[in-house]
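Number of protein chains: 2
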Amino acid sequence: MFQESPRAPNREGVMRAAAKLAEILPPTPLLPVVIGGVHCHVKADNLQPVGAFKIRGAWHRLSDLSDEERRRGVIAVSSGNHAQGVAWAARKLGIDATIVMPRNAPAIKLDATRALGAKVVLYNRPGEDRDEIALRLCQESDAVLVHAYADPWVIEGQGSAGIEITTQLGRQPSAIVACCGGGGLSAGLSLACPESKIFPVEPEGWDDIARSLAAGVILPVGPNPPATDCDALQTPVTAPVNFNVLKGRVEPGLAVTDTEVRHAQRFAFGALKLVLEPGGAAALAACLSGKVKLDEDSAIMLTGGNTDAADFARVLTSA
Amino acid sequence: MFQESPRAPNREGVMRAAAKLAEILPPTPLLPVVIGGVHCHVKADNLQPVGAFKIRGAWHRLSDLSDEERRRGVIAVSSGNHAQGVAWAARKLGIDATIVMPRNAPAIKLDATRALGAKVVLYNRPGEDRDEIALRLCQESDAVLVHAYADPWVIEGQGSAGIEITTQLGRQPSAIVACCGGGGLSAGLSLACPESKIFPVEPEGWDDIARSLAAGVILPVGPNPPATDCDALQTPVTAPVNFNVLKGRVEPGLAVTDTEVRHAQRFAFGALKLVLEPGGAAALAACLSGKVKLDEDSAIMLTGGNTDAADFARVLTSA
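In structure tokens form, the structure reads like this:
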């Protein structure tokens, strides 16, 4: 299912990724927030140029490609945020990018990916196997596959958020609460901040990583996972390159409901003046629901804000 | 109409305000934005703790009160953002605060002001004279009036945003585009950044400062000003303490329509992932409508994000 990883990700790679990102992008703000009377912090990665943290891993990966690899172009599979990250990095580096995206991805994500100059290939979710489509395209075109999470560069790149938080806070945070799809961000943060507790948060019914951590082996999501508003976190199974970092390292995984996520989106609107997509509000949802014990050195990742206006309007008026 | 100002605001006061604010609040982020192909900056003061820049002037004013003045308490008149700024500063300093607010202010502003511990006195807009109510309350209680703009401390405090922009940019911006109600922010920015062009932006029909600048004397808004979504910018007339700074110094005033403001709110939602209230989007609206010539050293003030969920949902779906 996954291409074998050429190497394991490591902390040196995270530091290098953070340095490379600092050359081209200002750090996203670490903002104060009060949750249940506790003063802590949110890392507003929804304010990245593509509206999501995925620009981090994409930039680290693509900027490390050789000239020969760059000429071959890149292919990615994504529901929309990794898509925009790869498209953004590819445009900046003059690389051809093809992105395999689900036909029912939010329009804002499809439009933005195309606007960044990438070629978009659509598939039906569920039904078609997106990884199979991507592998076929890679074989046909000889392009380089940039996996959304099963990639040491992508993991290291996402981890750069942890380095920024440490700089902004003046120390490694006591805890980082992060949304979790394939486990790229949680793995990267684990490497970035060895002294921090890492809490991965998945949508209810899509908590394969929580169950894998509990079992000690990789388990996929069940055969008929429920619908979820978190389009960015519908990942069927994590990869060995991620799980090898996560197991025995991160805290037990947490799951949040769509209702908890919508509440978090409304909280971010009212109290933080920030726009969050459902998946980008998952970590905040876990905190607002009292599932994580926070203190003043805790940081909550706000990972994305790419949501359609009509969908967000519905969330705002559904309280 | 206005109490005589005890002194003129000055740049030293702005610098002192900036230093005092830096002690208690991190600078709000200066974020990249692309408008009409030009890369420039937005100053996201909607991310302040009270969701608006007004916390600046309120803190500078209240923290400079003598012990005797603090014991007397403060009174302010505000549609909601100055209200929250004064209530926030008063709570932090242990000062009693009474705020005169219009009955039709956004619920989010009324609720937040009360939640900060201030006593709220409602009046009908139009019909009752809010300044008259405030003066009567001051006479009855001997409290200190903290005017929303006709006050040298308030002007200096708002100007601290210009000092932060200069630090973040590494130089004084070529231009700062700012929303304008009574002229406190524009006057403060004029003092903060003597090398910058300052563009005040008012709602159409409420552009008394633009007309005053053109005439060289203070003119009020017309007798029957039109309805505007910019509840924060419905100021009938500027004060001498503001106009004396603005005249001959700032650029000709600009006016924006509600349609342009709503477009700017949707742009901030989609491209910046930021929530802006109508008044907080006025400067951005002027820029998106091509009314200001921007360059890479230009900064646009995003001044507030206190808007009700139902109102914002309507803006999002009205395109």
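Going down the list, the protein sequences come from chains A and B.
Numbering follows the working numbering, in which position 277 of the first sequence is assigned residue number 334; successive positions increment by one, without gaps.
Numbering follows the working numbering, in which position 67 of the second sequence is assigned residue number 124; successive positions increment by one, without gaps.
All C-beta atoms, glycine included, are put in the ideal place defined by N, C-alpha and C.
All values reported here derive from a predicted model rather than from experimental measurement.
Chain-order list of residues whose beta-carbon lies under 8 angstroms from that of residue i (same chain, five-residue window excluded)
{"i": "ARG187/B", "result": "VAL134, VAL157, PRO159 and TYR180"}
{"i": "VAL90/B", "result": "HIS96, CYS97, HIS98, VAL99, ALA328, LEU329 and ILE357"}
{"i": "ALA267/A", "result": "PRO257, GLU259, PRO309, GLY310, LEU311 and ALA312"}
Pair within 8 angstroms by beta-carbon distance, residue i and residue j
{"i": "LYS100/B", "j": "ALA218/B", "result": "yes"}
{"i": "GLN215/A", "j": "PHE300/A", "result": "no"}
{"i": "THR360/B", "j": "GLY336/B", "result": "yes"}
{"i": "PRO280/A", "j": "GLY262/A", "result": "no"}
{"i": "ILE165/B", "j": "THR364/B", "result": "yes"}
{"i": "MET358/A", "j": "ALA343/A", "result": "no"}
{"i": "VAL107/A", "j": "TRP145/A", "result": "yes"}
{"i": "GLY213/A", "j": "GLY239/A", "result": "Checking the sequence, you will find Glu at residue 213/A rather than Gly. No."}
{"i": "ARG148/A", "j": "GLY174/A", "result": "yes"}
{"i": "ARG323/B", "j": "VAL258/B", "result": "no"}
{"i": "LEU87/B", "j": "GLN225/B", "result": "yes"}
{"i": "SER269/A", "j": "VAL313/A", "result": "no"}
{"i": "VAL294/A", "j": "PRO277/A", "result": "yes"}
{"i": "PRO163/B", "j": "ARG64/B", "result": "no"}
{"i": "ALA79/B", "j": "GLY130/B", "result": "no"}
{"i": "ILE255/B", "j": "ALA272/B", "result": "no"}
{"i": "ALA366/B", "j": "PHE326/A", "result": "yes"}
{"i": "ARG128/B", "j": "ASN161/B", "result": "no"}
{"i": "GLY137/B", "j": "THR170/B", "result": "yes"}
{"i": "SER120/B", "j": "LEU150/B", "result": "yes"}
{"i": "VAL302/B", "j": "PRO83/B", "result": "no"}
Neighbourhood of residue i by C-beta distance below 6 angstroms, restricted to the same chain and skipping five residues each side
{"i": "VAL211/A", "result": "GLY114, ARG118 and GLY241"}
{"i": "PRO297/B", "result": "none"}
{"i": "ALA377/A", "result": "Because chain A here runs from 58 to 376, residue 377/A falls outside it and cannot be looked at."}
{"i": "ASP352/B", "result": "SER231"}
{"i": "VAL332/B", "result": "GLY362"}
{"i": "THR292/B", "result": "GLY238 and GLY239"}
{"i": "ARG306/A", "result": "SER247"}
{"i": "ALA75/B", "result": "SER217 and ILE220"}
{"i": "ALA154/A", "result": "VAL131, VAL143, ALA144, ALA147 and ALA175"}
{"i": "VAL203/A", "result": "ARG118, VAL131, ALA133 and VAL143"}
Delimiting residues of the alpha helix (DSSP H) encompassing residue i
{"i": "LYS348/B", "result": "Element bounds for LYS348/B: n/a, residue is neither H nor E."}
{"i": "LYS330/B", "result": "Neither: LYS330/B is in no alpha helix (DSSP H) and is coded neither H nor E."}
{"i": "VAL143/B", "result": "138-150"}
{"i": "ALA200/B", "result": "No alpha helix (DSSP H) contains ALA200/B, which DSSP labels as neither H nor E."}
Residue range of the unbroken beta strand (DSSP E) whose run includes residue i
{"i": "SER355/A", "result": "355-359"}
{"i": "LEU311/B", "result": "311-313"}
{"i": "GLU259/A", "result": "254-260"}
{"i": "LEU88/B", "result": "87-92"}
{"i": "THR292/B", "result": "Counting along the chain, THR292/B falls outside any beta strand (DSSP E), and DSSP gives it neither H nor E."}
{"i": "VAL95/A", "result": "95-101"}
{"i": "LYS13/B", "result": "Because residue 13/B is not part of the residues shown, which for chain B are 58 to 376, the question remains open."}
{"i": "PRO209/B", "result": "That residue, PRO209/B, is in no beta strand (DSSP E); its alpha helix (DSSP H) goes 209-226."}
Residues near residue i in its chain [Cβ-Cβ closer than 7 angstroms; skip 5 each side]
{"i": "GLU252/B", "result": "GLN229"}
{"i": "CYS287/A", "result": "PRO260, VAL318, PRO335, GLY336 and ALA339"}
{"i": "LYS348/B", "result": "LEU311"}
{"i": "GLN196/B", "result": "none"}
{"i": "HIS139/A", "result": "LYS111, ALA115, ALA133 and ALA205"}
8 angstroms Cβ cutoff, residue i in contact with chain B
{"i": "ILE165/A", "result": "yes"}
{"i": "PRO106/A", "result": "yes"}
{"i": "GLY362/A", "result": "yes"}
{"i": "ALA356/A", "result": "no"}
{"i": "ALA366/A", "result": "yes"}
{"i": "PRO89/A", "result": "yes"}
Beta carbon proximity, residue i to chain A, threshold 8 angstroms
{"i": "LEU303/B", "result": "no"}
{"i": "ASN138/B", "result": "no"}
{"i": "PHE369/B", "result": "yes"}
{"i": "PRO283/B", "result": "no"}
{"i": "ASN103/B", "result": "yes"}
{"i": "PRO230/B", "result": "no"}
{"i": "PRO86/B", "result": "yes"}
{"i": "THR374/B", "result": "yes"}
{"i": "ALA342/B", "result": "no"}
{"i": "PRO209/B", "result": "no"}
Distance cut-off 7 angstroms: residue i Cβ against heavy atoms of the ligand FMN
{"i": "GLU317/B", "result": "This structure does not include the ligand FMN; it has no bound ligands of any sort."}
Review point. Going along the stretch 322-340 of chain B in order, which residues come within less than 7 angstroms of chain A, judged by CB to CB distance?
Key: ARG323, PHE326, GLY327, LYS330, LEU331 and VAL332
Practice item. Could you run through the stretch 142-172 of chain B and flag, in chain order, every residue whose CB is less than 8 angstroms away from some CB of chain A? Key: ILE165
Practice item. Select from the stretch 241-271 of chain A all residues with a C-beta closer than 7 angstroms to any C-beta belonging to chain B, and list them in chain order. Key: none
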